[in-house]
Every structure is written in structure tokens, then in C-alpha cells.
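Chemist: For any residue, its number in the numbering used here is found by taking its place in the sequence shown, counting from 1, and adding 2. For glycine and all other residues, C-beta sits at the position ideal for the given N, C-alpha and C. In this text the structure is predicted, and so the values were computed from the model without any measurement. To start, I am sharing the structure in question, which I have written as C-alpha cells.
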Amino acid sequence: MDQHGVAVPAATVAVPLPVAGTPVALARAWLWLGVMALIGSGLLAVLLVLSRTPGIQDVFPLKDLFRAALVVHVDLSVAVWFMAFAVVIWSALGRPGLAWLGWSGFALAALGTALMTVSPFFPGAQPVLNNYIPVLEQPLFFASLWIFGAGTTLAVVRALLTSWPRPFLVDPLRLGSFLGALAALLSLAAFFVSWWLVPWVEGQIYYEVIFWGGGHTLQFQHSLLMIVAWLWIAAALGTPAPVAPRAQSLMFVVAALPLLAVVAIYLLVPVGSLPHVELFAKLMIWGHPYMLPLLLVGVLALWRVRGAAADPAKSALVSSFVLFALGGALGYAIHGVNVVIPAHYHGSTVGVTLAFMGLAYVLLPLLGFARAEGAMAVWQPYVYGAGQLIHVLGLAWSGGYGVQRKVAGADQFLTTLPQKIGMGMMGLGGLIAVIGGLMFVLVCLKAMSGGKRR
């Protein structure tokens, strides 16, 4: 029996300890890259929120800057931050060896991120707001994507070679991490194959098709690693889910089964065709329910952690589950092209972000940094989560009244009071979330600057 009187299997998930040397050094480096990406993304988020908030949008005419800022904001906060923290997980759970591969990948990814960040300030940066990885039609930006992609590919290959669980079904966290790396490899391959096979056409539709298959595959990577983070946090708090490791491992395998459909779609259906697009949309609808058993394990972990002492990781676990559940529910409420769509993916992606934030708090002392302590650290996930909750609910409310997505300023045509209330909620929540994101960066910078190297 545990401290809550719940029967726990004799064999429970232990808290993984990163191996000193290459695994710790790489995890530290990629965590720094992820935090730097969040800093850049957060600064751009301020401009995005102001450009869509009623009243403010008329005082500061930021409409022309909105689209370019949105491209880099999304790419830094989703592509770079998510991939950087994924490599933190793979490095922390991986074995030593292949250091040259790991450091080569990090160097390329860091260079790609730097070029991506400065690319809007160079001539010819035409924004294209396609899904998943929006782009600037500009040589420097495309070079940054290729360089970053090459770096993450090297990191993924190293992860697959060093994080294979031994034995296979008794270490669910490493197995979930490995399956997440497999999803990443499939996603990168899908991006490349789509680029290779789809003929060039002018306009947004080309980039939609290029990133469509790989973008949908990335969702499985993020979801698998989010649940790894949940279970790791619960174990670190001393309240592991009361489910045997072998059962959890089997659930991870079940959750990853839809990845087989990715291979089948690319082999059997012409890339870029209407059936190709429709099949990936159906994969999102019918593939993610395979994760329900793991989500139920997450619920058990969440229930058991309620009695744990106040801790930043606990705050992040609670907030992550609420936002991810809301985002998932809104996904089934999408009808038409309106801001219910960004409400859905903001909820889901913020759920993943909060899980990664919570795991970052767990990993800081394990990687030789100082521990995240104090009221700011404990309240940061709640502030960020509450702001994003208001932001998402405002978008969902406005979408119900027909407000379109990917527009700003007067182009939103906010003519009715409900539309203005909803987008006002969006703006307020966005600003609160920016504060919460800034709090996370400050907590991490304090811990990472003050800790001693292991």
C-alpha cells in the first residue's frame, strides 16, 4: 500500500537517472536550446496577442507584422522547442556512446535555430501560414529549416541507437521514449518524401501538402513523449501510477500502432493526392484513441499525486492534463474554418508544453543544475495554464460565432458583442500566458545559471 492507501504492484516504474557523460551533457545543451527558443517565441507572442486584441489593435497597427511574427513564433514554440525537449528526453534516457553524432546534431540544430530567428529581418520574407510548419518564402529561412532538420535527424538516429529498452517490456519510460523517436524518424521521412515527390505549385497549398503527412505524424511523437513526461513526473513525486510496468509498456505499443498506417499511406496512395490528405485527417481522428489506455494511466497518476506536497512538477502535471483534455475535446467540435481550430491545437500543444515544463523541473537537478524552488516555480504552470485556458476558451467561443482563423486587426470583422467578448478573452488569456511563459524562462535561467556541473 502507498501513502494514499492504494495498492501498488510490487514492480513499479522507477525514476530514471541520466548517465553521467555524454547523455547528461547533451541533455543540458538541448535544454538550453529549448529555453532560448521559448524566449524568442515569447517575445513574438506579445506582438501576436496585441495585433488581435480589440482596442489595442487599433492603437498599434501591427497587421503587417502579424503574419511574419506568427510564422517564426509557431516554428520556435512548436518545431524547435518540442524537438529540442524531445532530444532532452532521448539523451537523458539514453546510453553513452556516439557522442560525435549527438554533438553534430546539436550544432546543426543550434545553427538552424539562429538562422530561423534572424530570417524575418532579411529581404524577401514572404509569410505562408500553412499548417504545422509555416514558412517564410525566403532562401535564408528555407536554409534554416534544412539545417535544423538535418540536426534533429542526427539526434533522432542517435536516440534510436542508444535508447532501445533492455529488456523490452519492463521499462515503459524508455520504451515510450524510443517509440517517440521512431515517430520522429517517420515524420522526418514523410517531410522529405513529400518534398521530393510533390510538384511545385504557387501558393499555400504546396506547403500544406508538403507538411501534411509529417505534421500529423509529429502529433504521435508529442503525445507519446507527453505521457512519458507525465509518468516520469508522477514517479519523481513518489506517486507512480498503480499499473505494472509491463502493462504500461504494452499500452505504449498499442498507442504507437497507428504509426504503421503512416507507412501504408505513403506506400499505397499518391503523395499529395486528395485521398492522401483525407487519410491523414482520418488517422488523426481514429489513431489517437489508441492512446486512451495510456491516458487512463495518466488519470490514475494525476489522482494519486493530489496529496503530494506543493511542487512545480505537480502544478505542471495538473495543468497539462486539463489543457490536453480540453484541446482533445475541441478537436471533435471543429466545423468549418474558424478559430475553433487554433483553440483545439493550442489546448493540445500547450498540454504537451506544460508536461515538458514539469519534466524540465524534475530534470534540472538530475542534470547538475540547481533545483527549481520558490513560489514562482510552483505557481508558474498554473499561471501559464490558466492564461492558455482563457485563451483557448475565448477562441472556441469566437469560433462558434464565425470568427475566422489566421487574420488580425480589422480583417477579423468583429461586428457583434459575443465576437468581441470572445476575442477579448483570447487577448487577456494570451497576455497571462505570456507572463506564465516568462516565469518559466526566469525559473529555468536562475536554476541553470546557478547549478553546478555534474
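1. Grab me the residues of V211's own chain with a C-beta within less than 6 Å of its C-beta, minus the 5 sequence neighbours each way, in chain order.
2. How about F442 and Q382: do their beta carbons lie closer than 8 Å?
3. Write down the C-beta distance between Y134 and F213 rounded to the nearest angstrom, noting that I regard them as a contact closer than 8 Å.
4. I'd like the list of long-range same chain contacts for L94, defined as Cβ closer than 8 Å, with 5 residues on each side in sequence excluded.
5. Compare the C-alpha of I229 against each of G300, V203 and L162 and name the closest.
6. Roughly how many whole angstroms lie between the Cα atoms of L259 and V279?
7. Entirely within the stretch 283-339 and at least 4 residues each: give me those alpha helix (DSSP H) ranges in chain order.
8. For the beta strand (DSSP E) holding V137, just list the boundary residues, first then last.
9. Return the first residue and the last residue of the beta strand (DSSP E) that P129 is part of.
10. Our contact map puts L175 next to R248 with C-beta atoms below 8 Å; I'd like the distance itself, whole angstroms only.
11. How many Å lie between W234 and M427 at the Cα?
12. So the candidates are A311, E204, I287 and P169; which of them puts its Cα closest to the Cα of H218?
13. For P18, which of helix, strand or coil comes out of DSSP?
14. If you follow the alpha helix (DSSP H) that V200 is in, where does it begin and where does it stop?
15. Since G215 is in the alpha helix (DSSP H), which residue starts that stretch and which ends it?
16. Quick one: what's got a C-beta closer than 7 Å to V256's C-beta in the same chain, skipping five residues either side?
17. Taking 8 Å as the CB-CB cut-off, is V73 touching chain C?
18. In terms of alpha-carbon separation, which member of F254, K316, A185 and A246 lies closest to V265?
19. Could you check if A357 is buried or exposed, using at least 16 other CB atoms within 10 Å of its CB as the buried criterion?
20. Please list the terminal residues of the continuous alpha helix (DSSP H) segment that includes G107.
21. Would you mind sorting S451 into buried or exposed? The rule is 16 or more other CB atoms within 10 Å of its CB.
22. Exposed or buried, what is Q128 when buried is set at 16 or more other beta-carbons lying within 10 Å of its beta-carbon?
23. Nearest-angstrom Cα distance between F62 and G205?
24. Indicate the three-state DSSP secondary structure (helix, strand or coil) for V172 in the structure shown.
25. Check the C-beta distance from R97 over to T164 and give it rounded, since I have them as a contact under 8 Å.
26. Mind reading off the beta-carbon distance from F323 to H224? Whole number of angstroms is fine, and I expect it under 8 Å.
27. So, with DSSP's three-state summary, where would you put P383?
28. How close, in whole Å, do the beta carbons of F222 and L261 come, if the pair is a contact with beta carbons under 8 Å?
Modeler: To lay it out plainly:
1. V200 and G274
2. yes
3. 4 Å
4. Checking the displayed sequence, the identity of residue 94 turns out to be Ala instead of Leu. Within the same chain, A94 has close Cβ partners P18, P20, P25, V26, A29, L365, L368 and L369.
5. Nearest to I229 by C-alpha distance, out of G300, V203 and L162, is G300.
6. 20 Å
7. Within the stretch 283-339, the complete alpha helix (DSSP H) runs of at least 4 residues are 294-306 and 314-333.
8. V137 to E139
9. Q128 to V130
10. Between R248 and L175 the Cβ distance is about 13 Å, and since that is not below 8 Å, they are no contact.
11. If I take the Cα positions, the gap works out to 34 Å.
12. I287
13. coil
14. First-last for V200: undefined, no H or E at that position.
15. Q206 to A238
16. Y292 and P295
17. Absent from the structure: chain C. Only one protein chain is present.
18. A185
19. buried
20. A101 to V120
21. exposed
22. By the neighbour-count rule (16 or more Cβ atoms within 10 Å), Q128 is not buried but exposed.
23. Any reading at F62 needs caution, since the residue's pLDDT is 47, under 50, leaving its predicted position unreliable; the model's value is listed next. Whole-angstrom Cα-Cα distance: 29 Å.
24. In the structure shown, V172 sits in coil (DSSP, three-state: anything other than H, G, I, E or B).
25. 5 Å
26. With 8 Å as the limit, F323 and H224 do not qualify as a contact, their Cβ atoms being about 15 Å apart.
27. helix
28. 6 Å
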